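Engineer: There's a structure below that I have some questions on.
In this note's numbering, the protein residues as written are 1065 to 1320.
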């Protein structure tokens, strides 16, 4: 399936008087990986959720493959049916795994294919099996979430998203709920998706992933997009003192 492009233009988001996103402009090219980094509370997850309209933005535009998302025209909200149709081409992986505890890994992945795509059960399970195999869980298909590690559960969540054959994948801190020893297995799956040309937008504190996998890194602080450039420029040669300060604090705690 062809990868998607995303254009974010002058997007603003308010929570009451709080200005969460401030005139954010960002281009996301098809088949490329964009990492959103910055301090907690800087607006990264809010921006990500605006891309698939889980958060309504108050002004500006978000376009996927040239089509305005969330609105038919500025100020005219899109119907729920049309929005659901648009979201079919967008996969999203959250911090929490959100798996059905009473279903096996295979059933968790197949459920959306049956309910959303309308596939027959046998076809849905075949696609679910292929997705689980892709994320390295061929031997865990009949396990319930309680019998999976956190890393395995997150990989099931990724399989659930990619089984829908999205053109765009959004990751919101997908490793933040994992123990450190489980982070690598999830990042390796994401690296594989990146190598296959999937358009990905990743909110992350994993600077190593941003440095070695991303095509561009966007730094946010206090709702503003402070800088966006290659990983080398943002992570190793930043001009802005806000980025320098963030990275200095990061380096004091970690190394990459």
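The C-beta atom is built at its ideal place from N, Cα and C for all residues, glycine as well. Everything numeric in this text was worked out from a predicted model, so none of it was measured.
1. State the CB to CB distance for the pair residue 1092 and residue 1265, rounded to an integer number of angstroms; the pair is presumed to be in contact (CB under 8 Å).
2. Looking only at its chain, what residues have a beta carbon closer than 7 Å to the beta carbon of residue 1241, apart from the 5 residues adjacent to it on each side?
3. Determine the contact status of residue 1287 and residue 1090, defining contact as a CB-CB distance below 8 Å.
4. Taking DSSP as the reference, what is the three-state secondary structure of residue 1252?
5. When you compare each of 1315, 1137, 1073 and 1145 to residue 1114 by their alpha carbons, which one comes out closest?
6. So for residue 1123, helix, strand or coil by DSSP?
7. Mind listing, in chain order, the continuous beta strand (DSSP E) runs of no fewer than 3 residues lying wholly within the segment 1083-1150?
8. Name the two residues that bound the continuous beta strand (DSSP E) containing residue 1266.
9. By how many angstroms is the C-alpha of residue 1250 removed from the C-alpha of residue 1012?
10. What number of angstroms, rounded off, separates the C-alpha of residue 1285 from the C-alpha of residue 1190?
11. Taking the continuous beta strand (DSSP E) assigned at residue 1076, which residues delimit it?
12. Quick one: residues in its chain with C-beta nearer than 8 Å to the C-beta of residue 1066, no 5 flanking neighbours on either side, listed in chain order?
13. Measuring CA to CA, which of 1187, 1300, 1309 and 1279 is closest to residue 1100?
14. What is the DSSP secondary structure of residue 1202, counted as helix, strand or coil?
15. I'd like the span of the alpha helix (DSSP H) that includes residue 1175, first residue to last.
16. Rounded to the nearest angstrom, how far is the Cβ of residue 1236 from that of residue 1104, given a contact under 8 Å?
17. I need the boundaries of the alpha helix (DSSP H) containing residue 1214, first residue and last residue.
18. In this structure, how does DSSP classify residue 1182 when only helix, strand and coil are distinguished?
19. Answer yes if the segment 1127-1147 comes into contact with the segment 1301-1316, meaning at least three C-beta pairs across the two stretches below 8 Å, and no otherwise.
Structural biologist: The structure says:
1. That pair is a contact at about 6 Å.
2. If we look at residue 1241 and ignore the five residues flanking it on each side, its Cβ neighbours are 1159, 1160 and 1214.
3. No.
4. Three-state result, residue 1252: helix.
5. With respect to the C-alpha of residue 1114, the residue from 1315, 1137, 1073 and 1145 having the closest C-alpha is 1073.
6. Residue 1123 falls in the strand class under three-state DSSP.
7. As far as the segment 1083-1150 is concerned, its whole beta strand (DSSP E) runs of at least 3 residues are 1097-1101, 1123-1128 and 1135-1137.
8. For residue 1266, the enclosing beta strand (DSSP E) covers residues 1263-1267.
9. With the chain covering 1065 to 1320 only, the question about residue 1012 has no answer from this structure.
10. Rounded to the nearest whole angstrom, the C-alpha separation of residue 1285 and residue 1190 is 44 Å.
11. Membership of residue 1076 in the beta strand (DSSP E) is indicated by the continuous run 1070-1079.
12. Cβ neighbours of residue 1066 beyond the five flanking positions: 1094 and 1231.
13. Comparing Cα positions, the closest option is 1279.
14. Coil, per DSSP.
15. Counting along the chain, the unbroken alpha helix (DSSP H) around residue 1175 starts and ends at 1169-1179.
16. Residue 1104 and residue 1236 do not touch by the CB rule: their CB atoms are close to 13 Å apart, not below 8 Å.
17. Run containing residue 1214: 1214-1226, per the alpha helix (DSSP H) assignment.
18. Looking at residue 1182 - three-state DSSP - the assignment turns out to be coil, as it is neither helix nor strand.
19. Under the three-pair Cβ rule at 8 Å, the segment 1301-1316 does not count as touching the segment 1127-1147.
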